[in-house]
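To convert, take the position in the sequence shown, counting from 1, and add 2; that gives the numbering used here. Note that CB positions come from ideal geometry on N, CA and C, so glycine has one too. Treat the numbers as computed from the prediction; the structure is a model and nothing was measured. One structure is given below, encoded as structure tokens.
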Amino acid sequence: MSSNEDRKYREAIELSLRFCGYRERSKKEINTKLQLKNYTPQLIEKVIKRLEEIGAVDNSRFAKAFSRGKNKSNRWGRVKIRNHLFEKGLNSSEIEEGINSIDEKIYYEVLRKNIEIYTRKHNKLEKNKLIAHLLYKGFSSDEILKSIEQLT
3 MSSNEDRKYR EAIELSLRFC GYRERSKKEI NTKLQLKNYT PQLIEKVIKR
53 LEEIGAVDNS RFAKAFSRGK NKSNRWGRVK IRNHLFEKGL NSSEIEEGIN
103 SIDEKIYYEV LRKNIEIYTR KHNKLEKNKL IAHLLYKGFS SDEILKSIEQ
153 LT
């Protein structure tokens, strides 16, 4: 490796480590970030491999953190989380690992909280609009109907 290539490699590693510093990232997110900085595909591949070796990037760990965080903080359901993980470049097994890391009790508390917030904002239970809102949030129709039935 020439000194210029070595310098670019070190810069890309440092940039990637800063990028991963405040939250977990997927390999695809790092790839995209480095592409935007005009690094070569070969260098990007090398950087991502090194980040995996040192444990700075791990798609499974990212999937779990993303799934739990979006469920709890954004009050998203499994469907929406699954779609976003797919967009982040994760494979099926990594996505399922993330989805399965969500605590069931917390998941249904979040669903009930969504129902309470929606009904409080709208002062009445308009069932069709509530269902549409919860579907948008990423909950399945079975989960929604079961929860509405339990609360009414």
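### Which listed residue (Arg63, Ser18, Phe141) has its alpha carbon closest to that of Ser95
For the purposes of this step, residue 95 is taken as the residue at position 93 of the sequence shown. Considering only alpha carbons, the answer is Arg63.
### Query
Of the choices Lys126, Lys123, Ile101, whose alpha-carbon is the least far from that of Phe141?
As a position in the sequence shown, residue 141 is number 139, starting the count at 1. Looking at Lys126, Lys123, Ile101, the one whose alpha-carbon comes closest to that of Phe141 is Ile101.
### Query
Exposed or buried, which one is Gly79 when buried takes at least 16 other CB atoms within 10 Å?
Your numbering for residue 79 matches position 77 in the sequence shown. Counting Cβ neighbours within 10 Å, Gly79 comes out buried, since at least 16 surround it.
### Query
From Tyr109 to Arg9, what distance separates their C-alpha atoms?
Locating residue 109 in the sequence shown gives position 107, counting from the first residue. Locating residue 9 in the sequence shown gives position 7, counting from the first residue. If I take the Cα positions, the gap works out to 46 Å.
### Query
Between the C-alpha atoms of Glu47 and Glu111, what's the straight-line distance to the nearest angstrom?
Taking the first residue of the sequence shown as 1, we reach residue 47 at position 45. Taking the first residue of the sequence shown as 1, we reach residue 111 at position 109. Their backbone Cα atoms lie some 41 Å apart in a straight line.
### Task
Report the residue from Asn61, Leu38, Lys115 whose alpha carbon sits nearest the alpha carbon of Arg25.
Start at 1 with the first residue of the sequence shown, and residue 25 comes out as number 23. Among Asn61, Leu38, Lys115, the Cα nearest to that of Arg25 is on Asn61.
### Query
Ordered along the chain, which non-local residues of its own chain (more than five positions away) have a Cβ less than 6 Å from that of Tyr120?
Residue mapping note: residue 120 aligns to position 118 of the sequence shown, counting from 1. Excluding sequence neighbours, Tyr120 sits near Leu132, His135.
### Task
Can you tell me which of the three DSSP states Ile104 falls into?
What you label residue 104 is simply residue 102 of the sequence shown in a count that begins at 1. Three-state result, Ile104: coil.
### Task
Specify the secondary structure class of Tyr24 as computed by DSSP and reduced to three states.
Counted from its first residue, the sequence shown places residue 24 at position 22. Secondary structure of Tyr24 (DSSP, three-state): coil.
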